Amino acid sequence: MAYGTDPRDRYSYGEVSDSDRREFLKALGVIAGGSVAGATLNDLRQNVSTETTSGLAEMGTALQDGLTGTLDAALLSEQLAALTESVESLPELEAMGVPDAGAEAYQSLTTPAWEINDHLAEVGFFASAEETLPAFSPDHIETTTRQLLHMEGLPATLSEVGFAEREQTALVVNIVNAREQLSWWMATPDYPPADAVDDGVVYEYVAPLHQRAAEGALLWIDGLDHYLWQREPLVTGEMIDRGLWDVKSMLGGYYLLGSAARDLAAEDIADDHLTTLTTASTALMIISQEFLITDVIRITDDKRAPRSSVSN
Numbered sequence: 003m004a005y006g007t008d009p010r011d012r013y014s015y016g017e018v019s020d021s022d023r024r025e026f027l028k029a030l031g032v033i034a035g036g037s038v039a040g041a042t043l044n045d046l047r048q049n050v051s052t053e054t055t056s057g058l059a060e061m062g063t064a065l066q067d068g069l070t071g072t073l074d075a076a077l078l079s080e081q082l083a084a085l086t087e088s089v090e091s092l093p094e095l096e097a098m099g100v101p102d103a104g105a106e107a108y109q110s111l112t113t114p115a116w117e118i119n120d121h122l123a124e125v126g127f128f129a130s131a132e133e134t135l136p137a138f139s140p141d142h143i144e145t146t147t148r149q150l151l152h153m154e155g156l157p158a159t160l161s162e163v164g165f166a167e168r169e170q171t172a173l174v175v176n177i178v179n180a181r182e183q184l185s186w187w188m189a190t191p192d193y194p195p196a197d198a199v200d201d202g203v204v205y206e207y208v209a210p211l212h213q214r215a216a217e218g219a220l221l222w223i224d225g226l227d228h229y230l231w232q233r234e235p236l237v238t239g240e241m242i243d244r245g246l247w248d249v250k251s252m253l254g255g256y257y258l259l260g261s262a263a264r265d266l267a268a269e270d271i272a273d274d275h276l277t278t279l280t281t282a283s284t285a286l287m288i289i290s291q292e293f294l295i296t297d298v299i300r301i302t303d304d305k306r307a308p309r310s311s312v313s314n
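Using the numbering used here, the first residue of the sequence shown is number 3, and each one after it goes up by one.
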C-alpha cells in the first residue's frame, strides 16, 4: 500500500518516521532529504520559517474581548494539575488491558478536563472562539503550526503533562499531516439552516466548533470502559496501544487549551499565542478522536483478535 493511502500512514503514534516528517515539511513548503526519523521540535523549527503573526494577534485580542465572564486562574491551575495525574496513570491502563464490567478507569481520566470545559463554556470562551477564529482551512493550519513550532515554551508545557520529546514532535506533525480530517469539521454558522435540509438534523443546535471538538474527545474517552469490555473477544493489544496514544493526545490537547486559558486569566499570554494554542489544541482533539474511531471503535476483520476455537 502506497504511503498516504491509509490515513494511518499520515499519523504518528508517539514517534515520527522519515515519511511522516517529510510529509509534514512538504506541506509547509520545505523539501527534506536523508534520514530524519526521531526529529525534535527544535529540528523542525530549524527547517520551518515563521511568518507574520499580526492576523493571529488580532484574532487573539478579539477572542479575549468576546468573553462574557471572568476566567478563574486558580480553578484552571488546580484542574490542570489533576489532568497531569490522569496522563500519568495511562501506563496502568495499558497494563490493565480491557476494563472489567462496570469499571470507570477511562472515565476517571476526564474528570478534571470536564471541570475546565464547564468553566470555559460558562465564561463564553467557546462562543467567542467560534466568532473570532476561522475553521480549519489549509492556510490557517499552516500559519498556526508555523507559529506553534516557534513557541519557546511549547516543549516545557507538553513536558508538564507527560509528553516525551519524540511524542511532542508527533503531536505537532500530526496537526499538519492529518489536515484532511481537520477540514471535515465546520464552524457552526457554516452548517445549513434547519429549513434548508430534509434529513431531520436541526443544525442550529450544533455546538461551537472548539467546544464540539473538546467535548467530543472527552465523551469518546468516557465511553471506552464499556465499549472495550463489551468487545473484549475482538480487542487486541495493538488496539489498546494505539487507543491509549489517541487518548493521551486528546488529554494533551485539552491541557494545551486549559493552559492557554489559565495564562489568559493571569494576563500572561501573547494574543497570537492565544490564537495558536486554541487552534492547535482543538486540532489535536479532533485528530485524536478521528483516529480513535479508526484504531479502536471500528473493529474490522483484518484488525480483530483471532477467533478462538470452541469445541462442541
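Each residue gets a CB set at the ideal place from its N, CA and C atoms; glycine is no exception.
Fair warning: this is a prediction, and the values are worked out from it, not measured in the lab.
Using alpha carbons as the reference points, say which of 162, 151 and 189 lies closest to residue 47.
Here residue 47 is taken as the residue at index 45 of the sequence shown, counted from 1. Answer by Cα proximity: 151.
Among 159, 182, 118 and 128, which has the Cα closest to the Cα of residue 29?
Residue 29 sits at position 27 when you count from the first residue of the sequence shown. When each option's Cα is compared against that of residue 29, the closest is 182.
Output needed for residue 81: all residues of its chain with C-beta closer than 6 Å, excluding positions within five of it in sequence on either side, in chain order.
Numbered from 1 along the sequence shown, position 79 holds the residue referred to as residue 81. 114, 117 and 118, listed in sequence order.
Taking the alpha-carbon of residue 255 as reference, which of 212, 268 and 32 has the nearest alpha-carbon?
Translated into the one-based positions of the sequence shown, residue 255 becomes position 253. Residue 255 has its Cα closest to that of 212, out of 212, 268 and 32.
Considering only the alpha carbon of each residue, which of 106, 73, 23 and 72 lies closest to residue 228?
By 1-based counting over the sequence shown, the position of residue 228 is 226. The shortest C-alpha separation from residue 228 is found at 106.
Could you give the C-beta distance for residue 189 and residue 290, rounded to a whole number, given that I count them as a contact under 8 Å?
By 1-based counting over the sequence shown, the position of residue 189 is 187. By 1-based counting over the sequence shown, the position of residue 290 is 288. That pair is no contact at about 20 Å.
Can the beta-carbon of residue 135 be found less than 8 Å from the beta-carbon of residue 281?
In the sequence shown, the residue the question calls residue 135 occupies position 133. In the sequence shown, the residue the question calls residue 281 occupies position 279. A contact, by the Cβ cut-off of 8 Å.
Suppose you measure from the CA of residue 176 to the CA of residue 293; what does that come to, to the nearest Å?
As a working note, residue 176 is residue 174 in the sequence shown. As a working note, residue 293 is residue 291 in the sequence shown. Roughly 11 Å between the two C-alpha positions.
Residues in its own chain within less than 7 Å of residue 73 by CB, not counting five upstream and five downstream?
By one-based count along the sequence shown, residue 73 stands at place 71. Only 125, 263, 266 and 267 meet the Cβ criterion.
Measuring CA to CA, which of 297, 284 and 163 is closest to residue 137?
Translated into the one-based positions of the sequence shown, residue 137 becomes position 135. Taking only the C-alpha atoms, the option nearest residue 137 is 284.
DSSP state of residue 39, grouped into three classes?
Looking up residue 39 in the sequence shown gives position 37. In this prediction, residue 39 scores a pLDDT of 48, lower than 50, which makes its location untrustworthy; no coordinate-derived value is stated.
Can you grab the Cα-Cα spacing for the pair residue 63 / residue 273, in whole Å?
Along the sequence shown, one-based indexing puts residue 63 at 61. Along the sequence shown, one-based indexing puts residue 273 at 271. Roughly 6 Å between the two C-alpha positions.
Buried or exposed for residue 295, please, with buried defined as at least 16 other CB atoms from any protein chain shown within 10 angstroms of its CB.
By one-based count along the sequence shown, residue 295 stands at place 293. The residue is exposed, with fewer than 16 neighbouring Cβ atoms inside 10 Å.
Would you list, in sequence order, the uninterrupted alpha helix (DSSP H) runs of no fewer than 4 residues that lie entirely inside the stretch 39 to 123?
Runs found: 43 to 49, 56 to 67, 75 to 90 and 92 to 98.
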